[in-house]
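Novice:
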Amino acid sequence: MDAMLSEVLPRMGTERKTVRVLVVEDHAAFRQALAVVLGARPDLEATAQAGSLAEARACLSSGGAGPFDAAVVDLGLPDGDGTELVGELVDGEPAVPVLALTDRLDLDRRGKAVRAGAQEVLSKGAGLGVILDAIRRLGARRR
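Just so you know, UniProt numbering puts 40 at position 40 of the sequence shown, and the rest follows in order with no gaps.
1. Using the beta-carbon count (16 or more within 10 Å), is residue 154 buried or exposed?
2. Can the beta-carbon of Ala100 be found less than 8 Å from the beta-carbon of Ala126?
3. Could you tell me which of Ala35, Ala56 and Thr18 sits nearest to Leu128, measuring between CA atoms?
4. Report the CB separation of Asp26 from Gly51 in whole angstroms; it is logged as a contact under 8 Å.
5. So, Val19 versus Ala56, is the Cβ gap smaller than 8 Å?
6. Whole beta strand (DSSP E) runs in the segment 18 to 87 with 3 or more residues, listed along the chain?
7. Flag this pair as yes or no: are the beta carbons of Ala29 and Thr83 separated by less than 8 Å?
8. Hey, would you say Leu77 sits closer than 8 Å to Leu53, going by beta carbons?
9. With H, G and I counted as helix, E and B as strand and the rest as coil, what does DSSP make of Val96?
10. From this set, Glu93, Asp43 and Arg31, which residue's C-alpha is nearest Asp74's C-alpha?
11. Around the C-beta of Pro97, are 16 or more other C-beta atoms found within 10 angstroms, so that it is buried, or is it exposed?
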């Protein structure tokens, strides 16, 4: 437990760098709410948002995503499988860890996301605290 807390919480007397997050989620309300929650935390920030595979690709190719330390990718995007984007992110930015979110968490879907390069796979039904903790852990790996 102490090791896990040390990944998530800053050490006493040290500055904690803000984890910059790319959020790719087709449900606008969920995407926007996650971005607001990230922005309300002192150590987290949504630097870019996309609602589809095409939007995410356009954002990444134009540099509109800016630098980011972690990516949250919905596996069920309206114009393609989010695992495609996971693979592209890992190929293009190997140091950037990816959290895959899905509404249907089964072994096949989890396995496909992990094989594509996702470091963590969570259900959208996981609590907000679980999702935020995962983002913090992934952001800490980037440093």
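Ideal placement from N, C-alpha and C gives every residue a C-beta, glycine not left out. All values reported here derive from a predicted model rather than from experimental measurement.
Specialist: Let me spell this out:
1. Given that the chain is displayed from residue 1 to residue 143, the structure contains no residue 154 and the question cannot be resolved.
2. With respect to the 8 Å criterion, Ala100 and Ala126 are not classified as neighbours on the basis of their beta carbons.
3. Among Ala35, Ala56 and Thr18, the Cα nearest to that of Leu128 is on Ala35.
4. Contact holds; Cβ gap of about 5 Å.
5. The answer is no: Cβ separation not under 8 Å.
6. Along the length of the segment 18 to 87, whole beta strand (DSSP E) runs at least 3 residues long occupy 19 to 24, 44 to 50 and 70 to 74, reported in chain order.
7. Result no, Cβ atoms of Ala29 and Thr83 do not sit closer than 8 Å.
8. Their beta carbons are under 8 Å apart, which means Leu77 touches Leu53 by this criterion.
9. Note: Val96 maps to coil in three-state DSSP.
10. Distance check between Asp74 and each of Glu93, Asp43 and Arg31 places Arg31 closest, using alpha-carbon atoms only.
11. Pro97 is buried by the Cβ-count criterion.
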